[in-house]
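To convert, note that position 205 of the sequence shown is 205 in the numbering used here; the numbers rise steadily by one, no gaps.
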Amino acid sequence: MKKRQKVYDLYWYFACERQNIFLKKLNGESAPWTDDKILQEYKFCNSYRINDRVSQYLLKNVIYNGKNYFDEDMLFRILLFKLFNKESTWELLLNNFGDITLKTFNIKEYSKILEKAISNGIKIYNDAYISCANKAFGYNRKHDNHLALLNKMFNEDKIQDKIIKCNTMEEAFNIIKSYPLIGNFMAYQLVTDINYSEVVNWKEDEFTVAGPGSLRGIKKCFIDKGKMTNEDIIRYMYEHQDEEFKRLNLEFKRIGNRPLQLIDCQNIFCELDKYCRKALPDLKSNRTKIKKHYVPKNEKIEYIYPLKWKI
């Protein structure tokens with residue numbers, strides 16, 4: 001493989017500086033948390049995926065909300081939340097149906113509530129990543145197809161029994177990916193989120209999938225991948241992180257004693273692609289602008305982590 005050294009070094013700089021910003025905000029320091037003008041002006045995901053707002057919401061409100069759930073209910077809750085990936089949609093369903101479990105899942109009633117929200121001009125999907133939108137189950141509305149998907153998975157196919165028996169993340173990925181409306185990247189996100197729960201305990205360093213954004217980042221970072229796949233490249237970053245931070249005199253501050261995982265290294269490529277649009281605009285890409293400007297929120301987030309991580 002042949003690196004584009006300037007961009008390759010930027011990958012490690014970005015990972016470190018974005019984590020520093022996170023920690024300074026966490027410690028209550030006042031803005032700006034960095035001298036980097038691009039990081040000051042635009043919105044970028046955290047170096048650790050788990051620290052992003054939606055992941056934290058999932059942990060606190062869907063997985064570890066203080067109640068005990070059957071494994072099938074926990075899996076259903078995670079997939080339902082993640083298909084919409086929007087906190088306000090989860091709260092809308094909670095407010096109308098009380099606690100969310102497989103037993104109380106009613107396609108018609110759920111659809112009615114979501115349809116009403118749309119007619120009131122409310123967005124029910126997060127646009128951070130677009131879940132596959134087609135009429136796989138014959139409905140005109142995306143949410144009706146997603147509800148039908150959940151019904152097929154859990155009520156018809158008993159996917160919960162299969163997932164619980166999976167020994168690896170990849171096994172579960174292949175099961176979830178086999179369904180309509182779910183592409184490779186979405187399936188990878190879903191198995192990652194399932195693995196935050198106590199239902200399964202898959203190793204995180206055995207499997208990864210390069211999403212569309214990370215493919216753009218990899219292309220900017222490497223002139224030639226040689227015989228390596230995109231997933232090999234992500235693994236290379238995962239395995240070499242300590243020596244690269246050291247080489248560049250960057251002090252990367254881990255959460256707990258947890259290095260960046262494969263999913264984090266994958267995500268950082270996506271953020272690197274965005275960062276380079278401003279830092280190195282001459283690098284050709286089909287995207288030239290960063291969509292979102294950074295808007296500070298005054299809310300203070302209490303961060304939690306999966307129990308099994310022992311952080």
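Glycine included, each C-beta is placed from N, C-alpha and C at the ideal position.
- Bounds of the beta strand (DSSP E) holding F222 are F222 to D224.
- Measuring C-alpha to C-alpha distances from E72 to each of L92, I21, R235 and T104 identifies T104 as the nearest.
- Secondary structure at R258: strand, using DSSP grouped into helix, strand and coil.
- DSSP lists D224 as the bridge partner or partners of K2.
- The beta carbons of C221 and R4 sit closer together than 9 Å.
- Collapsing the DSSP output to three states places Y42 in a strand.
- Per DSSP, the beta-bridge partners of H293 are Y42.
- In the three-state DSSP reduction, K60 falls in the helix class (H, G or I).
- Residue environment analysis places R49 among the buried positions, since at least 16 neighbouring C-beta atoms fall within 10 angstroms of its C-beta.
- Looking at G98, A148, I124 and F44, the one whose alpha-carbon comes closest to that of K108 is A148.
- Counting along the chain, L83 sits inside the alpha helix (DSSP H) bounded by residues D71 to F84.
- Using a C-beta cut-off of 8 Å, the region 2-20 makes contact with the region 208-225, since at least three inter-stretch Cβ pairs fall below that distance.
- Considered as a whole, the region 114-168 harbours no complete run of any beta strand (DSSP E) with no fewer than 3 residues.
- Excluding residues up to 5 positions away in sequence, I311 lie with their Cβ nearer than 6 Å to the Cβ of Y305 in the same chain.
- Here DSSP, grouped into helix, strand and coil, assigns I304 to coil.
- Contact annotation: I194 and I78 have beta-carbon atoms nearer than 9 Å.
- Comparing alpha carbon positions, the residue from K203, I122 and D36 closest to F14 is D36.
- Between the region 52-72 and the region 81-89, the count of C-beta pairs closer than 8 Å reaches three or more; the two stretches touch.
- Following the DSSP letters along the chain, one finds D36 in no alpha helix (DSSP H), marked with neither H nor E.
- A direct Cα-Cα distance of roughly 28 Å separates L58 from Q241.
- One alpha carbon belongs to D157, the other to K246, and they sit about 49 Å apart.
- Note on H293: under 16 other CB atoms within 10 angstroms of its CB, so exposed under the neighbour-count rule.
- Closest option to R254, judged by alpha-carbon separation, among W309, E206 and K203: W309.
- Note on geometry: alpha-carbon atoms of A31 and S47 lie some 19 Å from one another.
- For I124, the CB contacts under 7 Å within the same chain, skipping 5 residues up- and downstream, are F84, K86, T89, L114, A117, I118 and H143 in chain order.
- Using a 10 angstroms sphere on the CB of K165, the tally of other CB atoms stays under 16, which defines it as exposed.
- Take the alpha-carbon of T101 and the one of H146: they are about 16 Å apart.
- In the displayed model, I311 falls within coil according to three-state DSSP, outside both helix and strand.
- DSSP places E244 in the uninterrupted alpha helix (DSSP H) bounded by N230 to R247.
- Put simply, of N230, Q19 and K82 the residue whose alpha carbon is nearest the alpha carbon of D127 is K82.
- F154 is the residue among N95, F154, F207 and K43 whose C-alpha sits nearest the C-alpha of L80.
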